[in-house]
């Protein structure tokens, strides 16, 4: 999915629909966390989330390139978001001891660069996943 496709998808749906989508993604994350628990690498959770989202009938792309454009020029920076769900919800996954402000800043920057409105920051390295979920919005 390229940036133009993302921009088209992003303008679809209401705020309530985006909230419903984020709830479904959170449910998928809880299912993954219940099955795998904390302590694995981020990439494992990413693959498990992709599978769980597909089981729910949601379209999801992983490692989506984030274009960085400066004054009309694509700088070719190699940033990537972990998951893009239904072309409109950014999902950034972590497996760290605790979420830090830099993690939120990174995800918010990706939202801005991708011209998205909503995202989730999910840290799987917690005993209860609800303590590792942060909603993001622009």
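Residue numbers (the numbering used here): 3 to 140. All C-beta atoms in this analysis are idealised placements derived from N, C-alpha and C, irrespective of residue type, glycine included.
Coarse secondary structure for residue i, derived from DSSP in three states
i: residue 119; result: coil
i: residue 94; result: strand
i: residue 52; result: helix
i: residue 71; result: strand
i: residue 19; result: helix
i: residue 65; result: strand
i: residue 140; result: coil
Same chain only: Cβ atoms within 7 Å of residue i, ignoring 5 sequence neighbours per side
i: residue 66; result: 3, 82, 83 and 86
i: residue 98; result: 125 and 127
i: residue 30; result: 51, 54, 55 and 58
i: residue 113; result: 92, 121, 138 and 140
Same chain, Cβ closer than 8 Å to residue i, five either side skipped, listed in chain order
i: residue 91; result: 20, 23, 24, 27, 118, 120, 121 and 122
Residue interval of the beta strand (DSSP E) (run including residue i)
i: residue 85; result: 81 to 87
Chain B contact for residue i (CB, 7 Å cutoff)
i: residue 129; result: No chain B appears in the structure shown, which is made up of a single protein chain.
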